[in-house]
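Chains as they are written, first to last, in the numbering used here: chain G, 38 to 150; chain B, 179 to 294. Using N, Cα and C, we set each Cβ at its ideal position, and we do this for glycine too. All of these numbers come straight from a predicted model, not from anything done at the bench. Please read the structure below before turning to the comments.
This is the structure:
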């Protein structure tokens with residue numbers, strides 16, 4: 038069975054400082070992993086995805102994530118936060134069957150000017 | 179090109195009324211999904227369509243919920259006799275195909291449903 042745990046429901050950082058959003062997953066096979074971002078009143082947008090190629094994945098807007106199988110983690114990072122990064126972030130693991138995306142409960146990122 | 183669109187963007191309805199939510203997927207996408215996002219929750223899968231195959235309804239929370247997809251394109255999610263616990267954002271997504279580990283789902287902006 039597949040599941041995702043986002044360890045922080047809310048993260049607050051100052052503008053210009055690093056961002057770390059934590060995600061641990063559980064999967065009975067080699068999964069694909071995704072990070073989606075949701076800005077207020079907007080649809081979900083794919084930030085990046087891991088599909089068994091390079092373990093360090095670069096996404097849009099300067100975000101990247103590293104797949105660590107030994108730690109079953111897929112944490113999202115960014116070296117320097119921007120005000121426009123304030124949003125809800127979802128870690129997602131792929132499954133099988135129709136319900137093939139399992140979403141975490143989300144982490145709300147606040148950026149302080 | 180155009181993304182996934184949903185209408186209405188907001189819907190307020192009285193308890194017990196029926197509502198219809200519409201989704202226009204990206205042209206050419208054969209797979210279409212409906213999700214529900216309640217306050218403070220992750221996304222809850224509801225139903226999935228793939229081409230002309232019978233939909234997978236395994237995520238629908240009750241028989242008050244139904245969905246159809248006409249002509250392999252536009253989809254309508256219907257909630258009958260709405261209850262207050264149905265209040266949520268309903269998201270639609272589409273993808274090129276199903277079963278590929280690397281596929282991407284493209285999401286619409288959602289319909290915010292409020293049942294009073």
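**Message:** Quick test of your reading: residue 102 of chain G and residue 114 of chain G, contact by CB under 8 Å. State the CB separation rounded to the nearest angstrom.
**Reply:** 7 Å
**Candidates B/202, B/194, B/198 and B/192, of which the one nearest residue 182 of chain B by Cα** = B/202
**Request:** State the CB to CB distance for the pair residue 269 of chain B and residue 213 of chain B, rounded to an integer number of angstroms; the pair is presumed to be in contact (CB under 8 Å).
**Result:** 5 Å
**Anticipated Cβ contact below 8 Å, residue 190 of chain B with residue 294 of chain B, distance rounded** = The Cβ separation is near 6 Å, so the contact holds.
**Prompt:** If you compare alpha carbons, which of G/148, G/54, G/97 and G/55 is closest to residue 71 of chain G?
**Reply:** G/97
**Message:** By alpha-carbon positions, which one of G/131, G/146, G/125 and G/147 ends up nearest to residue 219 of chain B?
**Reply:** G/125
**Message:** So, for residue 252 of chain B: in the same chain, excluding its five sequence neighbours on each side, which residues have a beta-carbon less than 6 Å away from its beta-carbon?
**Reply:** 202
**Item:** Reduced DSSP category for residue 248 of chain B - H, G, I as helix; E, B as strand; rest coil
**Value:** The answer is helix: DSSP assigns residue 248 of chain B an H, G or I state.
**Distance between residue 55 of chain G and residue 117 of chain G (C-alpha atoms, nearest Å)** = 5 Å
**Asked** Using DSSP with H/G/I as helix, E/B as strand and the rest coil, what is residue 98 of chain G?
**Response** helix
**Asked** If you draw a straight line from the alpha carbon of residue 94 of chain G to that of residue 248 of chain B, how long is it in whole angstroms?
**Response** 38 Å
**Item:** Separation of residue 122 of chain G from residue 131 of chain G, as counted between CA atoms
**Value:** 25 Å
**Asked** Is residue 263 of chain B close to chain G, meaning its C-beta is less than 7 Å from at least one C-beta of that chain?
**Response** The C-beta of residue 263 of chain B comes no closer than 7 Å to any C-beta of chain G.
**3-residue-minimum beta strand (DSSP E) runs that sit fully inside the stretch 180–255 of chain B, ordered along the chain** = 183–185, 188–191, 197–202, 209–215, 221–228 and 243–247
**Prompt:** So, does the CB of residue 84 of chain G fall closer than 7 Å to a CB anywhere in chain B?
**Reply:** no
**Request:** Mind checking the stretch 180–201 of chain B against chain G and listing, in chain order, the residues whose C-beta falls within less than 9 Å of any C-beta there?
**Result:** For chain G, the residues of the stretch 180–201 of chain B that bring a beta carbon within less than 9 Å of one of its beta carbons are 181, 182, 184 and 187, in chain order.
**Asked** Leaving out five residues before and five after residue 279 of chain B in sequence, what residues of the same chain have Cβ atoms less than 7 Å from its Cβ?
**Response** With a pLDDT of 49 at residue 279 of chain B, under the threshold of 50, the modelled position of this residue cannot be trusted, and the question is left open.
**Simplified DSSP assignment, three categories, for residue 125 of chain G** = strand
**Asked** For residue 75 of chain G, does the three-state DSSP call read helix, strand or coil?
**Response** Residue 75 of chain G: strand per DSSP, three-state reduction.
**Request:** Decide if the stretch 286–293 of chain B is in contact with the stretch 231–239 of chain B; the criterion is three or more beta carbon pairs, one per stretch, under 8 Å apart.
**Result:** no
**Short CB-CB distance (under 7 Å) between residue 285 of chain B and chain G** = yes
**Asked** Does any CB atom of chain B fall closer than 7 Å to the CB of residue 81 of chain G?
**Response** yes
**Request:** Could you confirm whether any beta carbon from chain G is found closer than 7 Å to the beta carbon of residue 220 of chain B?
**Result:** yes
**Message:** Determine, for residue 142 of chain G, whether the minimum Cβ-Cβ distance to residues of chain B falls below 7 Å.
**Reply:** yes
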